[in-house]
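Only one structure is covered here, and it is reproduced in the block below.
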Amino acid sequence: MTISPSARPSRWPVWLCWLAMVLDGFDLVVLGTVIPTLIKTGELGFDAVGATFVATISLVGVGLGALFIAPLSDRFGRRNLLVACVLWFSLLTLAVVWAPNVAVFGALRLLAGAGLGACLPAALAYMNDYAPASSAGKSTTRTMTGYHVGAVATAFLAMTVIPDWRIMFVVGGVAGLILAPFLWFKLPETLPAARAAGTEEQTGFRSLAKKPYPLLAAAIGAASFMGLLLVYGLNTWLPQLMASAGYPVSAGLSLLLVLNMGAVAGLIIAGILADKHGTKPIVLLWFGLSAVCLALLSVKVDNAVLLNVIVFVTGVFVFSSQVLVYAWVSQLFPARLRATALGFAAGVGRVGAIVGPAVTGGLVAAGIAYPWGFYVFAAAGALAVAALLAVPRAVAPDRTEAPVS
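Taken in order, the sequence shown gives residues 667 to 1071; the numbers are from the numbering used here.
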């Protein structure tokens, strides 16, 4: 369901959805920035096993939110869900500051993740309701630049506050509390609850089981699984992988920053190319090049400039690959199923997001994280290409329904 041009009086929706993605970017990176410090100091009882538990349980929460909370925006409205979830995430993120041990830390991250997990599908569904069909790729990728700007800002902040890791969670929680009132007062609703309720029987996961969606959903889900395995595996463990390779911790954090700077550049380029040449060929190319770049990182590079270039280019392809999956979902499913389909893709993807850090954490605990972590990541990129090749050649539901006045 799209908004008519006359209903677009300001840029508030664009910027507010972008800022919601900044929060998601914070959550993506924050554990990766504090884990090395917590493992090194042993604070709260952290070790490699405890860090893997926390990283995994956090993503369980995000996956549950994407699967079971995000689809509610197809029934009750995008804005209502965004505001509620941002408030929930922010309060529980602040509570992490007072966690007395690893178990409570993990429980709070689980609950916070459930709220945040619904934000990404709801925000992307909102922007695809709001944007013209001809710019769906750019709309999605530009919104998702906030995701990686948040990740870059978080990595930069971590470099200045180590070892005071609690400041990271204070900043994230307070930022969300500031954002929530603006979401409520400045976002027009693109999918009013009253209209969505009138089509309740046409929404939800059961609709994804009806032709032509089952094969499409399976292929998109598999690609999203691999894509988020890469995104979360790299952002959670890249500093530790580089430490395992013999680089100093500070170098690992700076490379995390470079990785996400590449992601922002990649999103802008990918959106333009997807709208010009079609999303499918670009996402296939992007995942293929991701696999190549990740394989290159399995080779120790002594030249700092060359290493930074490789990591930057890896960021260009890896992160925008996953966002192109979301852009394609928004194009392939009608408005009444958009948040449900995005929630499904994100939710299945979050399983990959759990598997990525868990497998990498296991490799870290076993002392073989480098180079085997990058072998696993390269294989995931190749498998994503295989999954997307199974998407039907022609699936074209009606993208635009009656405009909202």
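Note that CB positions come from ideal geometry on N, CA and C, so glycine has one too.
Fair warning: this is a prediction, and the values are worked out from it, not measured in the lab.
- Looking at the backbone, the Cα of D690 and that of Y813 are separated by about 6 Å.
- One alpha carbon belongs to L1049, the other to Q906, and they sit about 25 Å apart.
- A contact is defined here as three or more CB-CB pairs under 8 Å, and the stretch 697-713 fails this definition with respect to the stretch 973-989.
- Taking M810 as the centre and dropping the five residues before and after it, the same chain places the C-beta of M687, L933 and V989 closer than 7 Å to its C-beta, in chain order.
- Separation of P787 and A1031 (C-alpha to C-alpha, rounded to the nearest whole angstrom) is 33 Å.
- Here G944 is exposed: its Cβ has fewer than 16 other Cβ atoms, across all protein chains shown, within 10 Å.
- Assignment of Y913 by DSSP, reduced to helix, strand and coil, places it in the coil class.
- DSSP, reduced to helix, strand and coil, places I1034 outside both helices and strands of the structure shown, so it counts as coil.
- Per DSSP, reduced to three states, the secondary structure at G708 is coil, with no helix or strand assignment.
- Cβ neighbours of A791 within its own chain (closer than 7 Å, five residues either side excluded): S739, R744, R1004, A1005 and L1008.
- Annotated three-state conformation of L950 is helix, per DSSP.
- Within its own chain, the residues whose Cβ lies closer than 7 Å to the Cβ of L774, once the five positions on either side in sequence are excluded, are L758, A761, V762 and A765, listed in chain order.
- Within the same chain, F1040, Y1041 and A1044 come within 8 Å of A961 by CB-CB distance, once the 5 residues on both sides are set aside.
- For P787, the three-state secondary structure derived from DSSP is helix.
- Counting every other CB atom within 10 Å of its CB across the protein chains shown gives L881 a total below 16, marking it as exposed.
- Residue state for P880 is assigned as helix, using DSSP reduced to three classes.
- Put simply, the stretch 882-894 touches the stretch 1009-1028. At least three CB pairs are less than 8 Å apart.
- In the three-state reduction of the DSSP assignment, N969 falls in the coil class.
- Counting along the chain, S739 sits inside the alpha helix (DSSP H) bounded by residues S739 to F742.
- Here the alpha carbon of S964 sits roughly 22 Å from the alpha carbon of A821.
- Between the C-alpha atoms of A732 and I1034 there is a straight-line separation of about 32 Å.
- Excluding the 5 residues flanking it on each side, T722 has same chain C-beta neighbours closer than 7 Å at I1020, P1023 and A1024, in chain order.
- DSSP places V728 inside the alpha helix (DSSP H), whose first and last residues are A714 to L730.
- Residue S986 holds the alpha-carbon nearest to the alpha-carbon of I938 among T980, A957, A909 and S986.
- In the structure shown, N767 adopts coil according to DSSP, grouped into three states.
- In the DSSP assignment, R677 falls outside any alpha helix (DSSP H) and carries neither an H nor an E.
- DSSP places L853 in no alpha helix (DSSP H); its state is neither H nor E.
- DSSP places W684 within a helical segment (H, G or I) once states are collapsed to three.
- For F999, the three-state secondary structure derived from DSSP is coil.
- For the 8 Å CB-CB criterion, V728 and R1016 form a contact.
- Distance from the CA atom of N794 to the CA atom of V837, rounded to whole angstroms, is 29 Å.
- Spanning the alpha carbons of G716 and G1028 requires a straight line of approximately 11 Å.
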